[in-house]
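Scroll down for the structure; my scribbles are underneath it.
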């Protein structure tokens, strides 16, 4: 079952919160701020947050979206939590490579691999 | 006669009407910006730019518009953004000018350096330069000019 967090779909697998972006674009600033707030509230639910972001639907994202992810990553680190990114399409992965953020984030090819990488 | 093969350079003999020159003046809001971006992207796709080239132009234009509206015009609705686009089957040239105080490209820190990787600035410009063939600023940084050449997709799907 998934809860209604537009434009996100949130599910739980053991102690990992799985968040899927439901729109194909993460561009609008207002939209990005809303996503950031929702993710923050998910982090606040547990002491050591484990979060998996599924990018399967995402075809476009902007530097503002990258900023939001960097911010999220910092907050999770402060809380000794873990963040994984999965299912990133090749065109979007290239954006992570150009910005060298593929080195900052732990990126898995798919959900199963990401789920298995939590400690 | 059997099926005729396409002539070499057939793609280059696109009709003159496929070319487009656009000149738009917008208020500093993201809704108008989105419409202008779509108009330009539709033209670029219509003259035969491939999917990967369109992806790059879309991303670069998104970043340039955010820079103009947010950092240049500081979201001031009375300030305008001027966009000019010249689109041919060979290349797209897009200029975007704001009414802000300008900026210096070399003063923007490199966001890929380890000490800057977690900062939130400079990444938009980096993406514009990565995805377009040429990016340059004039008028004290208030106007950006970006050029994308139409080349076949590198990794056909």
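Chains as they are written, first to last, in the working numbering: chain L, 32 to 150; chain C, 2 to 158. Heads up, the beta-carbon is just placed ideally off N, CA and C, and yes, glycines get one too.
Asked: Cβ pair residue 89 of chain L, residue 73 of chain L closer than 8 Å; Found: no
Asked: Residue 53 of chain C classed as buried or exposed, judged by whether at least 16 other C-beta atoms fall within 10 angstroms; Found: buried
Asked: Of the residues C/28, C/102, C/56, C/21, the one placed nearest residue 153 of chain C, counting alpha carbons only; Found: C/56
Asked: 7 Å Cβ shell around residue 77 of chain C - same chain, five flanking residues per side excluded; Found: 29
Asked: Residue 79 of chain L burial status per 10 Å Cβ neighbour count (16 or more: buried); Found: exposed
Asked: Residues within the segment 128-139 of chain L neighbouring chain C, beta-carbon criterion of under 8 Å; Found: 129, 130, 131, 132, 134, 135
Asked: Secondary structure of residue 194 of chain C, DSSP reduced to three states; Found: The displayed coordinates of chain C run from 2 to 158. Any statement about residue 194 of chain C would go beyond what the structure contains.
Asked: Residue 86 of chain L and residue 64 of chain L closer than 8 Å at C-beta; Found: no
Asked: Distance between beta carbons of residue 61 of chain C and residue 159 of chain C, contact taken as under 8 Å; Found: Residue numbering for chain C in the displayed model covers 2 to 158; residue 159 of chain C lies beyond these limits and cannot be assessed.
Asked: Between the CA atoms of residue 41 of chain C and residue 141 of chain L - distance to the nearest angstrom; Found: 35 Å
Asked: Nonlocal neighbours in the same chain, by C-beta distance under 8 Å from residue 123 of chain C, ignoring five residues either side; Found: 109, 110, 111, 112, 117
Asked: Within the segment 99-137 of chain L, ranges of the alpha helix (DSSP H) (whole runs, at least 4 residues); Found: 121-129
Asked: Euclidean distance between Cα positions of residue 57 of chain L and residue 72 of chain C; Found: 20 Å
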